Each structure stands twice: as structure tokens, then as C-alpha cells.
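**Student:** Numbering (the working numbering), first residue to last: 34 to 476.
Glycine included, C-beta positions come from ideal geometry on N, C-alpha and C.
Predicted, not measured: the structure shown is a model, and the values here were computed from it.
1. Could you spell out the range, first to last residue, of the beta strand (DSSP E) harbouring residue 365?
2. Determine the closest residue to residue 433 out of 460, 442, 153 and 473, with distance taken between C-alpha atoms.
3. From the DSSP output, in three-state form, read off residue 427 for me.
4. Just to confirm my understanding: we take residue 225, look at its own chain, exclude 5 residues before and 5 after, and list those with CB closer than 7 Å. What are they?
5. Please return the same chain residues whose Cβ sits closer than 6 Å to the Cβ of residue 283, not counting the five positions on each side in sequence.
6. Please confirm if the segment 337-345 is in contact with the segment 424-432, defined as three or more CB-CB distances below 8 Å between the two stretches.
7. Within 10 angstroms of the Cβ of residue 270, are there 16 or more other Cβ atoms? Answer buried if so, exposed if not.
8. Do residue 180 and residue 46 have their beta-carbon atoms positioned less than 7 Å apart in this structure?
9. Taking three-plus beta-carbon pairs below 8 Å as touching, is the segment 342-349 in contact with the segment 320-330?
10. Hey, which unbroken runs of the beta strand (DSSP E) at 3 residues or more fall wholly within the segment 221-280?
11. Within 8 Å, do at least three Cβ pairs link the segment 45-64 to the segment 165-180?
12. Can you pull the DSSP bridge partners for residue 371?
13. To test your reading of the DSSP string, which unbroken beta strand (DSSP E) runs of 3 or more residues are found completely within the segment 428-471?
14. For residue 182, does the count of other Cβ atoms within 10 angstroms reach 16, so buried, or fall short, so exposed?
15. Tell me whether residue 182 sits in a helix, a strand or coil according to DSSP, three-state version.
16. I'd like to check one pair, residue 197 with residue 218: are the Cβ atoms closer than 7 Å?
17. How long is the line joining the alpha carbons of residue 397 and residue 289, rounded to whole angstroms?
18. For residue 331 versus residue 311, is the C-beta distance shorter than 7 Å?
19. CB residue 57 to CB residue 464, shorter than 7 Å?
20. Would DSSP call residue 67 helix, strand or coil?
21. With a Cβ-Cβ cutoff of 7 Å, do residue 266 and residue 317 count as a contact?
22. Taking only the alpha-carbon atoms, compute the straight-line gap between residue 258 and residue 36 and give it to the nearest angstrom.
23. Is it a yes or a no for the segment 373-389 touching the segment 242-249, going by three-plus beta-carbon pairs under 8 Å?
24. Within its chain, find whatever has a CB closer than 7 Å to the CB of residue 475; leave out the 5 residues flanking it on each side and keep chain order.
25. Compute the beta-carbon to beta-carbon distance between residue 279 and residue 314, rounded to the nearest angstrom, for a pair I have assumed lies under 8 Å.
26. So, with DSSP's three-state summary, where would you put residue 130?
27. For the pair the segment 132-141 and the segment 432-448, tell me if three or more CB-CB distances fall below 8 Å.
28. Rounded to the nearest angstrom, what separates residue 98 and residue 92 at their Cα positions?
29. Check for me: the alpha helix (DSSP H) holding residue 334 runs from which residue to which?
30. By how many angstroms is the C-alpha of residue 354 removed from the C-alpha of residue 69?
31. Which same chain residues end up closer than 6 Å to residue 237 when comparing Cβ atoms and leaving out the 5 residues on each side of it in sequence?
32. Report buried or exposed for residue 147, applying the criterion of at least 16 other Cβ atoms within 10 angstroms of its Cβ.
33. Rounded to whole angstroms, how far is the Cβ of residue 184 from the Cβ of residue 143, which I believe are closer than 8 Å?
34. DSSP puts residue 156 in a beta bridge; with which residues?
35. Does DSSP put residue 82 in a helix, in a strand, or in coil?
36. Starting from the C-beta of residue 48, find all residues in its chain whose C-beta is less than 7 Å away, skip the five residues before and the five after it, and write them out in chain order.
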């Protein structure tokens, strides 16, 4: 939830244009949530559960109940519950400015599907905006979310955001009981609710419909001439650790909640909680550069489940949507053999534990925008999914691509909170990879 909240702080859907208009923000909306869904489904497999079922038919009852049992700090009221088999109804929350019907949602979905199938969207000035190219996913992300950058907000509506609204107010759609929104209606708590993942599976399926219209990558688009990965291994960061065996476990940690209290005496308030953790490990990659010259490359590391919840081997067409990005970084390759060692805590996806649960008062002197951006990133302690006592098998994937085709702007991943750039981009700069997000598994 911290990751989700901070991402939406950095990439708000509404606000001044200088705040909303960030490089490839629509594509980032797609990719961050797609990776979240992939991770969620992997965790379901690890717990013996099938993939989440997308919430496509808004007129069907929702069998999953959710009783959050948490309180808003701002007003002391509890988040409302959702009972089993509740049915979504039209929202007429006039006082909250939220008025949307199920028919509206269905109409917007139909229009978005039409745009995808036609290969273009209709802009507000009645121009055809192409979607069947590498920039189409960025335009589509802003349409589906929808952000103020949508090419036609009035025509394509506000599908994703109002999905959260109708789910969040399912218990009191017309404000008859003066109840607030449920957890799924709040960015700070939405990922607690199983309905979040059902809704976002549907949103991701919309993007997949678009990606399926694009041609598959050619061999030339995947190749790095005269450069090959000869070997790849992972190893725990301790002496004599066996190759290709990783370790996850439950860890108890403390966090100081004192700065989050709105009322009461000043002082520390420590809470102990249990969370997933993994033993630090290294990637070891042997790359052969046969070009005879020094080359620069981009190393891309992914992993995904070998089998589903029943232990059945996943066909590649299913595994592809569950491939999770672990790291992406630039290397200089000398002529001949090169051995690359990369620590797991250097991931381009994650931020360290200390920044996930940082001391707010210690950062009070920094600019708010910088503070928000530096908290954007997947928590490092959640880099790997849950395992099992007997072990779970995953497929790792590594490739090296030609940096001359990847390069946008040079940057140092070790400064200015650039370390989680795969999910969060770079502050006030262009996204640091010319390839499509999720490449090569996005299509």
C-alpha cells in the first residue's frame, strides 16, 4: 500500500499540467499495475490459489466480503465493510461529487475496446490519434485511468478511477447512511482489498487487448549482434552458498508510528509487524562480446513461476504475463569474456527498507516533491515472492540489449533517488529506457 500510495503521489491523475504531464506516465500507469498483478498472481500460486478472476461484468454480485477493521486517522471513523455477494449500483453521491452509472462504465469500456480494435482513438477535437504503435500504450494508459491527459476525457470517461469509486461506495451508493468510502476507494489502503486485484485484472486485460494487436518482436529487435549471455546464476551472499537456491522467510520488524499521530502527546510509538523477507543474493552473469570492441549494454533480469497452483507446468503464453522485472542496469562490455556481479539490493524496481519506513521528521527540511519521489518504489523486502518449506521453482530470464538502441539520457542510479526507475521513472527527466516497458515480455 505504501508503494501504491507513493506512486500515485508522484503520478497524480489530476492537478496542474506541470505536475501531471510526466514522461510516459500513461505507460507507467499500465506497467506498474501490470507488474503488481503479476506479483499478486505469483503469490496466489505460492499459496495454492488460482489466478485472480477479472471483474468484467459489473452487474454480477461480488462474492468476496471484506471487513477491514482499520480506522481513518483523520476523523477516527472506521472504514466500512463489504458484505458477501453485494451488487454494484449506480453512484449518486452528490455531496462527494461522485455520480456515475453502471451504464456509463459499460459505455466507456465499449468505446475503449472500439478504439483498441480500430487502432486509433478519437480526440476531443475529432482527430484520429494512432494507438497501433509504440506510443499507443502511453495514450491508452491516460485514457483508461483516466488522467487529465486523456485525449478525450468526455468521450472515453473515467473508467479505472470510477471502478474504484463504485467498489468503494458499494455499501452506500446514494449516501443514504452518510458512510464514507471503503478501503478500495483510497490509494493509501486500496491494495488491502481482494476486489482491488479483481478490478485491476480487468484493467490489465484491456491493455493486453491492445498489446495483442501489435506485431511480435522480430529476431532483430531482440538481438544484440556479437554479444551473447553464456551463463547466468544466482547465489546467496554468503560463503559456500549453493548456486540457484534463494531463501525467503518471515521477519519481525519495528516501525515508529509516532509521527503519524494527529492527536496526543509527542513521542515515539513503536509497532512490531511481521513481513516477508529474503536473504541477500547476487546475480552472476557471463557475457561474451565477440565484436572486438568495447560495447555498452542494458542487462534485463526477470523471473516467473514454472507451474500453476496445481503444479502443472505453465505454457509460455501464460507465463509471459507473469514475468516480473527484478532489475535493469547498464554495463560496459570489454571485448571477449565479461563476468558481471550484481547485488539484489541494487534492483531498479525497489527501494530499501529504510526509505519504505523512513523517519518523516528527519526529512521535514526537504522539498515535499523530492520527499514524495524518494519514497516511490517497490519495497526491497518484497523483491521475491513467498516460497515454501519444500521449495518452489521459478524460471529466471536474463538478456543484454544494445545500449545505443536503449539510451535516452545518461543518469546515475546511485544519486537523487534514481534507484527505482523501472516503476517510478526519473524525477523531472525522461524515462531512462527507449524500449517498451516490460520488454521483451509485453508482447
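**Tutor:** Reading off the structure:
1. Locating residue 365 in the chain shown gives position 332, where the first residue counts as 1. Where residue 365 is concerned, the enclosing beta strand (DSSP E) stretches over 357-366.
2. Looking up residue 433 in the chain shown gives position 400. Cα-wise, what sits closest to residue 433 is 473.
3. Counting from one through the chain shown, the residue named residue 427 turns up at place 394. Residue 427 falls in the strand class under three-state DSSP.
4. Along the chain shown, one-based indexing puts residue 225 at 192. Counting only Cβ-Cβ distances below 7 Å, and skipping sequence neighbours, we find 34, 101 and 216.
5. Here residue 283 corresponds to residue number 250 of the chain shown, with the count starting at 1. Taken in chain order, the residues that qualify are 307.
6. yes
7. The sequence position of residue 270 within the chain shown is 237, counting from 1. With fewer than 16 other Cβ atoms within 10 Å, it is exposed.
8. Along the chain shown, read from residue 1 onward, the residue named residue 46 stands at position 13. Along the chain shown, read from residue 1 onward, the residue named residue 180 stands at position 147. The answer is yes: Cβ separation under 7 Å.
9. no
10. 260-269
11. yes
12. Indexing the chain shown from 1 puts residue 371 at position 338. 320.
13. none
14. Taking the first residue of the chain shown as 1, we reach residue 182 at position 149. Buried, because 16 or more other Cβ atoms sit within 10 Å of the Cβ of residue 182.
15. Here residue 182 refers to the residue found at position 149 when the chain shown is read from its first residue. Here residue 182 sits in coil by DSSP.
16. Position 185 of the chain shown holds residue 218. Position 164 of the chain shown holds residue 197. Yes; because the gap between Cβ atoms is below 7 Å, this pair is in contact.
17. Here residue 397 refers to the residue found at position 364 when the chain shown is read from its first residue. Here residue 289 refers to the residue found at position 256 when the chain shown is read from its first residue. Unreliable placement is indicated for residue 397, whose pLDDT of 46 sits below 50; no coordinate value is reported for it.
18. Mapped onto the chain shown, residue 331 falls at position 298. Mapped onto the chain shown, residue 311 falls at position 278. Going by C-beta atoms, residue 331 is not nearer than 7 Å to residue 311.
19. Position 24 of the chain shown holds residue 57. Position 431 of the chain shown holds residue 464. Yes.
20. In the chain shown, residue 67 corresponds to position 34, counting from 1. Helix at residue 67.
21. The residue labelled residue 266 in the question sits at position 233 within the chain shown. The residue labelled residue 317 in the question sits at position 284 within the chain shown. Yes; because the gap between Cβ atoms is below 7 Å, this pair is in contact.
22. Residue numbering aside, residue 258 sits at position 225 when the chain shown is read from its first letter. Residue numbering aside, residue 36 sits at position 3 when the chain shown is read from its first letter. Roughly 38 Å between the two C-alpha positions.
23. no
24. Locating residue 475 in the chain shown gives position 442, where the first residue counts as 1. Answer for residue 475: 244 and 469, listed in chain order.
25. Here residue 279 corresponds to residue number 246 of the chain shown, with the count starting at 1. Here residue 314 corresponds to residue number 281 of the chain shown, with the count starting at 1. Right, the Cβ-Cβ distance comes to about 6 Å (below 8 Å), so this counts as a contact.
26. Position 97 of the chain shown, counted from the first residue, corresponds to residue 130. Residue state, collapsed to three classes: coil.
27. no
28. Position 65 of the chain shown holds residue 98. Position 59 of the chain shown holds residue 92. C-alpha separation (whole angstroms): 17 Å.
29. Counted from its first residue, the chain shown places residue 334 at position 301. Where residue 334 is concerned, there is no enclosing alpha helix (DSSP H), although the beta strand (DSSP E) it sits in stretches over 328-338.
30. The residue you call residue 69 lines up with position 36 of the chain shown. The residue you call residue 354 lines up with position 321 of the chain shown. C-alpha separation (whole angstroms): 11 Å.
31. What you label residue 237 is simply residue 204 of the chain shown in a count that begins at 1. Counting only Cβ-Cβ distances below 6 Å, and skipping sequence neighbours, we find 67 and 70.
32. As a first step, residue 147 is located in the chain shown; it is residue number 114 there, counting from the start. The residue in question, residue 147, is exposed, as its Cβ has fewer than 16 Cβ neighbours within 10 Å.
33. Position 151 of the chain shown, counted from the start, is the residue given in the question as residue 184. Position 110 of the chain shown, counted from the start, is the residue given in the question as residue 143. Their Cβ separation, rounded to whole angstroms, is 17 Å, which puts residue 184 and residue 143 out of contact at 8 Å.
34. Walking along the chain shown from the start, residue 156 turns up at place 123. Its beta-bridge partners do not exist; DSSP assigns none.
35. Looking up residue 82 in the chain shown gives position 49. Residue 82 falls in the coil class under three-state DSSP.
36. Residue numbering aside, residue 48 sits at position 15 when the chain shown is read from its first letter. Closer than 7 Å at the Cβ level, and outside the excluded window around residue 48, lies no residue.
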